[in-house]
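Participant: Below are the structure tokens for one structure; questions will follow.
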Amino acid sequence: FYVQNDQCQSTDSENRGMRTSDSWSLHKVQLRKGSNVLYWRTTAYDLLGGAVKPVMLKNIHVSGVSYT
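At position 35 of the sequence shown the residue is numbered 51 (the working numbering), and the sequence of numbers has no breaks.
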């Protein structure tokens, strides 16, 4: 999960390496003033020739006051 500003500059410096887990993960980021672009990437390694499991986003919650 990554955050960029409206000029496509990364604002979240935490390294999010690939993890192998079947459990849910929680990510919290402090958003800065202005426009924020939220995106995520998925990566899969198929070393055993099995089916690749899909990634499911259970919930995205954004709270705070928007500006106009």
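All C-beta atoms, glycine included, are put in the ideal place defined by N, C-alpha and C.
Would you kindly check if the distance between the Cβ of THR58 and the Cβ of VAL88 is under 8 Å?
Facilitator: Lying outside 17 to 84, the shown extent of the chain, residue 88 is not represented and no answer is given.
Participant: Spatial neighbours of TYR55 within its chain, please: CB distance less than 6 Å, with the 5 preceding and 5 following residues excluded, ordered by chain position.
Facilitator: Once the five neighbours on either side are set aside, the close Cβ partners of TYR55 are TYR18.
Participant: When you compare only the Cα positions, how much space is there between LEU47 and ASP38?
Facilitator: So the alpha carbons of these two residues sit roughly 28 Å apart.
Participant: Is LEU64 helix, strand or coil by DSSP?
Facilitator: The answer is coil: DSSP assigns LEU64 none of H, G, I, E or B.
Participant: Return the first residue and the last residue of the beta strand (DSSP E) that ASN21 is part of.
Facilitator: Taken as a continuous stretch (DSSP letters only), the beta strand (DSSP E) holding ASN21 covers 18 to 21.
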